[in-house]
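Going by the working numbering, the first residue of the sequence shown is number 1, and it counts up by one from there. Glycine included, each C-beta is placed from N, C-alpha and C at the ideal position. All figures in this text were calculated on a predicted structure; none of them were measured in a lab. Structure first, commentary second.
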Amino acid sequence: KAAAGAHLCLFTTGRGTALGNAVYPVVKVCANPATVARMEDNIDFSAAPIVEGRATKEELGEQLFRLMVEVCSGRPTNAEAIGHQEFAIHRIGYYV
Numbered sequence: 001k002a003a004a005g006a007h008l009c010l011f012t013t014g015r016g017t018a019l020g021n022a023v024y025p026v027v028k029v030c031a032n033p034a035t036v037a038r039m040e041d042n043i044d045f046s047a048a049p050i051v052e053g054r055a056t057k058e059e060l061g062e063q064l065f066r067l068m069v070e071v072c073s074g075r076p077t078n079a080e081a082i083g084h085q086e087f088a089i090h091r092i093g094y095y096v
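What follows is the structure, encoded as C-alpha cells:
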C-alpha cells in the first residue's frame, strides 16, 4: 500500500483487531458498539451510530472524510498515539 503512494489505510474491524503500521497511519473504523466501547483507545472512528439508528451514513461519511484529511495533515491516529505498529518486509522471488 505505502509503496503504491497511499498516505493512510482505512482499516475496518468488528472484533477489534489491533493494527498499526510504521510506514503509514492506520485509521481504524468500527461499527460494533461493544467493540468500540471495549477498545475506544484503539478505534479512531465509530460507525456504531449508523447501526444504532442515531446517524446516517451520509453524516458519518462526512465526519470520516474530515478525519482522513486531518490524519493526512499530521494528526496522529490512536495506534500512533499508543505506539502500536506492525511491520514486515516480505521476500519475493528466489533467495538463498
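Please report the straight-line C-alpha distance between A22 and D44, rounded to a whole angstrom.
Here residue 22 is taken as the residue at index 22 of the sequence shown, counted from 1. Here residue 44 is taken as the residue at index 44 of the sequence shown, counted from 1. Approximately 17 Å between the Cα atoms of the pair.
For a test of the three-state rule: what should DSSP assign to T12, helix, strand or coil?
Translated into the one-based positions of the sequence shown, residue 12 becomes position 12. DSSP places T12 in strand when its eight states are reduced to three.
Using a Cβ-Cβ cutoff of less than 6 Å, which residues in the same chain neighbour A48 once the five nearest sequence positions on both sides are dropped?
If you number the sequence shown from 1, residue 48 lands on position 48. Excluding positions up to five away in sequence, the list reads A31, P33 and V36.
Once DSSP output is grouped into helix, strand and coil, what is the label at V36?
Working through the sequence shown from its first residue, we reach residue 36 at position 36. Helix.
Using CA atoms only, rank isn't needed, just tell me which of M39, H7 and E40 is closest to V26.
The residue given as residue 26 occupies position 26 in the sequence shown. Comparing Cα positions, the closest option is H7.
By how many angstroms is the C-alpha of G53 removed from the C-alpha of E80?
If you number the sequence shown from 1, residue 80 lands on position 80. If you number the sequence shown from 1, residue 53 lands on position 53. E80 and G53: Cα-Cα distance of roughly 31 Å.
Pairwise C-alpha distance: T12 and L60:
Counted from its first residue, the sequence shown places residue 60 at position 60. Counted from its first residue, the sequence shown places residue 12 at position 12. Between L60 and T12, the C-alpha separation is close to 14 Å.
Would you check if the distance between the CB atom of L64 and the CB atom of L10 is smaller than 9 Å?
Looking up residue 64 in the sequence shown gives position 64. Looking up residue 10 in the sequence shown gives position 10. Yes, they are a contact pair.
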